[in-house]
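Under the numbering used here, residues 115 to 378 are what the sequence shown spells out, in order. Each residue gets a CB set at the ideal place from its N, CA and C atoms; glycine is no exception. Encoded as C-alpha cells, the structure appears first; notes follow it.
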Amino acid sequence: GFKKVLTEKIGVVDEKITNQSEGFKKVLTEKIGVVDEKIANQGQEFKKIVSIKEKLNYSQVESFFWLTKKLKIHNSLPPLRNWAMSPDVLLKLHEYIISSKPKVIVEFGSGVSTIVICDALRQNNSGCLISVEHIEQYAQRTMQFIKRENLQNFADLRLSELEIYKDEHLCIDEPVQWYCKDTLKDIKNIDLLIVDGPPAATCKYARYPALPVLYKNLNKQAQIWMDDAAREDENVICKTWAQKYGLSLNFLDFEKGLAILTKK
Numbered sequence: 115g116f117k118k119v120l121t122e123k124i125g126v127v128d129e130k131i132t133n134q135s136e137g138f139k140k141v142l143t144e145k146i147g148v149v150d151e152k153i154a155n156q157g158q159e160f161k162k163i164v165s166i167k168e169k170l171n172y173s174q175v176e177s178f179f180w181l182t183k184k185l186k187i188h189n190s191l192p193p194l195r196n197w198a199m200s201p202d203v204l205l206k207l208h209e210y211i212i213s214s215k216p217k218v219i220v221e222f223g224s225g226v227s228t229i230v231i232c233d234a235l236r237q238n239n240s241g242c243l244i245s246v247e248h249i250e251q252y253a254q255r256t257m258q259f260i261k262r263e264n265l266q267n268f269a270d271l272r273l274s275e276l277e278i279y280k281d282e283h284l285c286i287d288e289p290v291q292w293y294c295k296d297t298l299k300d301i302k303n304i305d306l307l308i309v310d311g312p313p314a315a316t317c318k319y320a321r322y323p324a325l326p327v328l329y330k331n332l333n334k335q336a337q338i339w340m341d342d343a344a345r346e347d348e349n350v351i352c353k354t355w356a357q358k359y360g361l362s363l364n365f366l367d368f369e370k371g372l373a374i375l376t377k378k
C-alpha cells in the first residue's frame, strides 16, 4: 500500500515537473524571442549609425581632397582631427576668401585654419589675417609653418593670454576669461571674423565676447563665422548675436556645425 501511494505521489510530482518544465520552456522561448528581436533592432540601429559615420567620414575625405588641390603650399598640413577645423569648413573658408577677397580677416584660435587662410590671401595677392592665440606653444608651432611656407606677409599672429572679462556676457555663474582686449585695439575694417576660440572649457559661452568687442570694427556686410556651431553653447551665442545685432544667421550642417552671420 505504501509503494502504491509513493508511486502515485511520484507520478504527481513528475507531472508537475513536466508541466513546470513546459511552462519554463515556453517562458524561456518567449524571452529568447524578445531578446532576439531587441538584438535585431539594435543591429539595425548600429548599421544606421555606421552608415551615417561612413558618409560623414567620406565627406571629410572628399573635402580634404579638394582642399589640398586648391592649396599652393609645399608641405603637408598638420592633422585635421580633434581640435582642428574640419576639412569641410576649411574648404568652404578657402573658397570664400578666394571668391570674396576680404582685405582684413580676424580669427580667434590659430592652427590649420591660419595656414589655409594665408594661402588663399597669397593666391589673391592681397589681404591680411590677424590671428589671435592664447597658448604660446600653439602660436609658435603655427608661426613655424607660416615661415616654412613663406606666408609671413599675410599673417599677423598675436599671442594674447586670457584675462578676466568684466563686460556683458551670457555666463553669470562663473568667472569669465577672454583674450586681452589691448591686443585688438588697433584692428579696424574687418571683412571676415572667424571665431574658433577660446576653448569651451574656459567657461560657459566662452566665445561670446568676440562680437561685443569687435562689432563696431566690422565693415558693412562683413561675415562672422562660428566653428563648432553644433554645440549648444555656440548655437546659443549665434542666436543671441543675431537677435542683438540684427544679423542674418545661417546654420550649415557640417561635421561640427558652422554658423555664418552677416551684417544686413
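Based on Cα-Cα distance, which residue from the options lies nearest to residue i?
i	options	result
A234	P323, L181, D202, E275	L181
L273	K215, D347, C294, I351	C294
D341	N331, L332, C352	C352
S190	A343, L366, D296, E263	E263
L375	D347, V309, A314	V309
D296	V246, K261, L265	V246
K358	F365, E282, E346, D347	E282
Y210	E151, I338, D367	I338
Within 10 angstroms of its Cβ, does residue i collect 16 or more other Cβ (buried), or is it exposed?
i	result
H197	Reading the sequence as shown, one finds Trp at residue 197 and not His. Answer is exposed; the Cβ neighbour count stays below 16.
F141	Sequence inspection shows Val at residue 141; the Phe mentioned does not correspond to that position. When all chains shown are included, V141 counts as exposed.
G241	buried
G223	buried
S362	exposed
V175	exposed
E275	exposed
V203	buried
Y322	buried
H248	buried
Q254	exposed
S213	exposed
V148	exposed
H208	buried
G137	exposed
A269	buried
G360	exposed
I153	exposed
Q156	exposed
E346	exposed
A315	exposed
E348	buried
P192	exposed
Considering residue i, what are the terminal residues of the alpha helix (DSSP H) in which it resides?
i	result
Y210	201-214
Q266	Element bounds for Q266: n/a, residue is neither H nor E.
A324	324-328
L307	Run containing L307: none in the alpha helix (DSSP H); it sits in the beta strand (DSSP E), 304-309.
N238	226-238
Can you find the residues in the same chain that come closer than 6 Å, C-beta to C-beta, to residue i, ignoring five residues on each side of it along the sequence?
i	result
L325	W355
K215	N238
S344	Correcting the residue identity first, residue 344 is Ala in this sequence and not Ser. Contacts found: K370, G371.
V350	none
Who are the Cβ neighbours of residue i in its own chain at under 8 Å, not counting the five residues just before and after it?
i	result
L328	V220, L298, I301, I304, L307
E277	Q291, W292, Y293, C294
Taking 7 Å as the limit between beta carbons, can you name the residues of its chain near residue i, skipping five residues before and five after?
i	result
T143	none
P201	Q174, S177, F178, L181, L194
E250	L273
C285	C317, K318, Y319
H188	E263
E288	C317, K318
I'd like the span of the beta strand (DSSP E) that includes residue i, first residue to last.
i	result
K334	332-341
K377	372-377
E348	From DSSP, E348 is part of no beta strand (DSSP E) but of the alpha helix (DSSP H) over 346-359.
I249	Looking at the DSSP string, I249 is not in any beta strand (DSSP E), and its letter there is neither H nor E.
F222	218-222
Please report the Cβ distance between residue i and residue j, rounded to the nearest whole angstrom; I am assuming they are in contact, meaning their Cβ atoms lie under 8 Å.
i	j	result
K334	K377	6 Å
L271	M257	5 Å
V226	M199	6 Å
R236	L205	Contact flag wrong, Cβ pair sits at about 17 Å.
F259	I231	Wrong, their Cβ atoms sit about 12 Å apart, outside the cutoff.
Can you find a CB in chain C that lies within less than 8 Å of the CB of residue i?
i	result
L361	Checking the listed chains, one finds no chain C in this structure; it contains a single protein chain.
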